[in-house]
Amino acid sequence: MNPMTLRTPSGYWNPIIWVIFLILFGLVAYLIYKAGNPKYRRDTDQVKPFLSGNLETDKEKIQVRASDIYWGFIEALKEYYGVLERMHTGDIRDYILWFVGMAAIITVILIGGI
Amino acid sequence: MNSVLVNLPFIVVAILLAIGFYTIGFKRNLIKIIIGVEILEGAVNMFIVALGYVKGGYAPIYTQAPSGAIENMVLPTPQALTLTSIVIGVAVTALMLAFAVNIYKTYGTLDVSKVRRLRG
Amino acid sequence: MMEHLPALIIAIPLLGAFAAPLFKRHHKAVSIWAILITGITLIVSLLLTREVLVKGILVYVFGAKSPTLVLPSGYKVPIRIMFEVDALGAFMAISATLMSFVGALYSYSHVAHESGLEKYYSLLLLLEVGILGMVLTGDLFNLFVFMEIAGISGAALVGFRSYRGEASEAGIKYLIISAVASLMVLFSVALLYGEYGNLNLAYIAKNIKFGVVDLIAFGLLFTSFAMKCGAVPMHYWVPDAYTEIPAGGNPPLLVATYANLYALFRVSFTLFTNIVINISRAGWIMVILGVLTMFIGVTMALVQKDVKRLMSYHAISQTGYMLLGVGVGLTVLHDPSKLMEFGRDAIAGGLFHVINHIIYKSLLLMTAGALFYVTGTRNLDNMGGLARKMPITTISFMIGAAAISGLPPFNGFASKLIIYETSYMLNPILTVFAMVTSILTLASFVKVFASAFLGPPLKKYENVKEVPKPMLIAMIILAALCVIFGLFPKIILDKLIYPAADALINYLQYHSWGGLA
Chain V
1 MNPMTLRTPS GYWNPIIWVI FLILFGLVAY LIYKAGNPKY RRDTDQVKPF LSGNLETDKE
61 KIQVRASDIY WGFIEALKEY YGVLERMHTG DIRDYILWFV GMAAIITVIL IGGI
Chain Y
115 MNSVLVNLPF IVVAILLAIG FYTIGFKRNL IKIIIGVEIL EGAVNMFIVA LGYVKGGYAP
175 IYTQAPSGAI ENMVLPTPQA LTLTSIVIGV AVTALMLAFA VNIYKTYGTL DVSKVRRLRG
Chain Z
235 MMEHLPALII AIPLLGAFAA PLFKRHHKAV SIWAILITGI TLIVSLLLTR EVLVKGILVY
295 VFGAKSPTLV LPSGYKVPIR IMFEVDALGA FMAISATLMS FVGALYSYSH VAHESGLEKY
355 YSLLLLLEVG ILGMVLTGDL FNLFVFMEIA GISGAALVGF RSYRGEASEA GIKYLIISAV
415 ASLMVLFSVA LLYGEYGNLN LAYIAKNIKF GVVDLIAFGL LFTSFAMKCG AVPMHYWVPD
475 AYTEIPAGGN PPLLVATYAN LYALFRVSFT LFTNIVINIS RAGWIMVILG VLTMFIGVTM
535 ALVQKDVKRL MSYHAISQTG YMLLGVGVGL TVLHDPSKLM EFGRDAIAGG LFHVINHIIY
595 KSLLLMTAGA LFYVTGTRNL DNMGGLARKM PITTISFMIG AAAISGLPPF NGFASKLIIY
655 ETSYMLNPIL TVFAMVTSIL TLASFVKVFA SAFLGPPLKK YENVKEVPKP MLIAMIILAA
715 LCVIFGLFPK IILDKLIYPA ADALINYLQY HSWGGLA
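Chains as they are written, first to last, in this note's numbering: chain V, 1 to 114; chain Y, 115 to 234; chain Z, 235 to 751.
Printed below as a string of structure tokens:
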């Protein structure tokens, strides 16, 4: 096992042992799953969602679309994203101007101005 | 006055670099931006050629060289570099212009503040 | 035969590139030709790496009586163009050839319906030549030439779908960026030439002095390569170019980006390393750029709707890890105790992340290409429920997503672990940023997985099928590599990565052409 162990500056990492543990935990999880509710039947009415007696709407309409995922996260960081949006203009001239600015800053820092 | 004259090529190079970056950074027409890239390239090429000049040196061509010139020939590397760089520059310009033609066909404009469907 | 490998590795794809237009009316033949050539180049690069790892630095002088004749009798300076292959160059060469091979294999089906395929494969092979030249050369002007070859062919590949206006827009953006960057590289090469009268990287590095002109050249080289490897805030071209290139061209273009990262490392570690005081300053610039790059990259990725654009922003953010890892090593390069304590491991972690990232990001971009191939759109809003239709693509995507998020036991985990631990020793705040970035990466890939592969099956995709076999094989190769690199990180690190990291640290060996002079 030792040649497989990766020594990092303050620890070690052995993927093989990790995988063995993963399989063990997977087995435990499977046993718990097997001991689950025995009354469950596939493809019967019992697996349908219960919406207070209303009919289920079309699946395509209730799909969560990509733009709606993490809506809250983006809403909370609105100002940060506003700045980023103003940075990403998509204008080739800005690409070059950022380059010129960064070249100036990096050169000044390297020469020792700061 | 003399130091200005000696450094004249380098001053021109600096001015050309400034003009080139100004053209790329502030002009709206895509063709003008391509011209800006060309000016930059001219500046860099001129810089290399100016570096290769040695006062009192002879061109490194052995046939028809005056006697004594063999001891005093300049290294032809900068000229070779410039030639390579010019050839590469032509390829870059041709490709840039081809893209510009294509952009004009599909966008109907060469204004770079409008040619930005890819952003964000 | 073996001593000519550095020339052969350039010559074979170059022959392939210029022979490809001969197959004008035979689209299948040109694809097979490209796969064959890239396959042979892959074998050559493996042989080359074995040579380098056994014998040390390999020098190939073009036009000399013998390939190892650096200084002809009576000369004190090297005058010929030479290739100088050390473990780092060989390591990059393997990545380049492997990804070109996978890209060519993937392109076999992916671009089969496009016209002008002989030009496509010609450009693909030329891009490979450009990358290989950049990572193997030991001559500064040669570096510029190969950088331009890679830039031009890369830009032409980006604009390959010339019927799309967006492709031309991305192409001209990439071309102007790379033209300006390489002109500034040429300008600083000219500055160095004017000062030292030579173009050989090792010769200049040996004689470099502590002058303002040197530092201006360093600053220009540093910024140009940083722009071409997509460091924030000069990263804007990356999503444009990666999105519009056909997905088969993505792996080589990705490696072209990292060839510039290699040039950045080469310049900082080998060329300017004798400037003792300022090199740790350069290291800090690299570290700060790295942190900015990974954080801004990943937060921009989180809000994208275009699947390839999202993955391109992740490519930017992962570049930050490499800059961070190697930058940590650069800050302590002249401090032997710290270098032994964590600097060497930091460099190894950064370089390990390069190859890991090349593998899993190519895989992810190719799954995105597969999604585009079957649905005809890249907008995530219009996808859904594709997991049932495309099981192999889904599994490849899951492996790639797990690897990029740093989930064990895939390959991203090992390199990220090393980077976390070593950057913690330099400054704990860096590690915080790196870990937050990793979490946000996982979050945004959960978004892609949920919206493209999960969800109810959509009616408009009732008849879609799994993508053709060559695309699947290309994806399976990379997915398998993700798992192998993840399960045996120790072997890969010892055989490939630590020699490359030592090649960066032992710059004196590079300066003396591997002991030849």
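Every residue, glycine too, gets a C-beta built ideally from N, C-alpha and C.
- Between Z:M528 and Z:Y492 a beta carbon distance of about 15 Å is seen, past the 8 Å cut, so the two are scored as non-contacting.
- At a cut-off of 9 Å between beta-carbon atoms, V:T57 makes no contact with chain Z.
- Straight-line spacing of the CA atoms in Z:Y607 and Z:L712 works out to 19 Å.
- Within 10 angstroms of the beta-carbon of Z:F456 lie 16 or more other beta-carbons, which makes it buried.
- Under the DSSP assignment, Y:M187 falls outside any alpha helix (DSSP H); it carries neither an H nor an E label.
- Between the beta-carbon of Z:L322 and that of Z:L374 there is about 17 Å, and that puts the pair past the 8 Å contact cut.
- Chain-ordered, the chain Z residues with CB closer than 8 Å to the CB of Y:I217 read G399, S402, E403, I406.
- Straight-line measurement puts the Cα of Z:G618 at about 27 Å from the Cα of Z:P642.
- In the DSSP assignment, V:W71 falls within the alpha helix (DSSP H) that extends over 71–76.
- Of all residues in the segment 520–531 of chain Z, none comes within less than 8 Å of chain Y when Cβ atoms are compared.
- With respect to the C-alpha of Z:I731, the residue from Z:P301, Z:A268, Z:G388, Z:I328 having the closest C-alpha is Z:I328.
- About 6 Å separates the Cβ atoms of Y:I217 and Z:E403, confirming a contact at the 8 Å cut-off.
- By the criterion of a C-beta distance shorter than 8 Å, Y:G171 is surrounded in its chain by N186, M187, V188, once the five residues flanking it on both sides are discounted.
- Identification of chain Y residues near Z:A413 by a Cβ-Cβ cut-off of 7 Å yields V151, V206, ordered along the chain.
- Under the DSSP assignment, V:W13 falls in the beta strand (DSSP E) whose first and last residues are 11–13.
- For the segment 61–91 of chain V, the set of residues with a beta-carbon nearer than 7 Å to any beta-carbon of chain Y comprises E85, H88, T89, G90, D91, in chain order.
- At least one CB atom of chain Z sits nearer than 9 Å to the CB of V:D94.
- In the structure shown, the three-state DSSP call for Z:Y294 is strand.
- With a threshold of 9 Å between beta carbons, Z:P467 makes no contact with chain Y.
- For Y:V226, the chain V residues whose C-beta falls within less than 8 Å of its own C-beta are D91, I92, R93, listed in chain order.
- The closest CA to that of Z:L557, considering only Z:M534, Z:A497, Z:M600, Z:Y408, is found on Z:A497.
- Where Z:E478 is concerned, the enclosing alpha helix (DSSP H) starts and stops at 471–478.
- In the structure shown, V:R86 falls within a helical segment according to DSSP collapsed to helix, strand and coil.
- Separation of the CB atoms of Z:H261 and Z:A389 is rounded to 23 Å, and the pair is thereby denied contact status at 8 Å.
- Straight-line measurement puts the Cα of Z:L573 at about 13 Å from the Cα of Z:G517.
- By the beta-carbon neighbour count (other beta carbons within 10 angstroms, threshold 16), Z:L425 is buried.
- For the C-beta of Y:G203, not a single chain V residue is nearer than 9 Å; the gap to the nearest is close to 17 Å.
- Neighbours of Y:E155 in chain Z, taken as residues at a C-beta separation under 9 Å, are given in chain order as A413, L417, L420.
- At a cut-off of 9 Å, the C-beta of Y:V127 has no neighbouring C-beta in chain V.
- Under the 8 Å Cβ criterion, the segment 334–352 of chain Z does not count as touching the segment 377–392 of chain Z, having fewer than three qualifying pairs.
- Distance from the CA atom of Z:F394 to the CA atom of V:S10, rounded to whole angstroms, is 48 Å.
- The C-beta separation of Z:N613 from Z:C716 comes to about 27 Å, leaving the pair out of contact by the 8 Å criterion.
- Taken in chain order, no unbroken stretch of beta strand (DSSP E) lies wholly in the segment 576–632 of chain Z with a span of 3 residues or more.
- Going by beta carbons, Z:M600 and Z:A481 fall inside the 9 Å limit.
- Taking a Cβ-Cβ cut-off of 9 Å, the neighbours of V:G11 in chain Z comprise L651, E655, given in sequence order.
- According to the DSSP assignment, Z:R500 belongs to no beta strand (DSSP E) but to the alpha helix (DSSP H) extending over 484–500.
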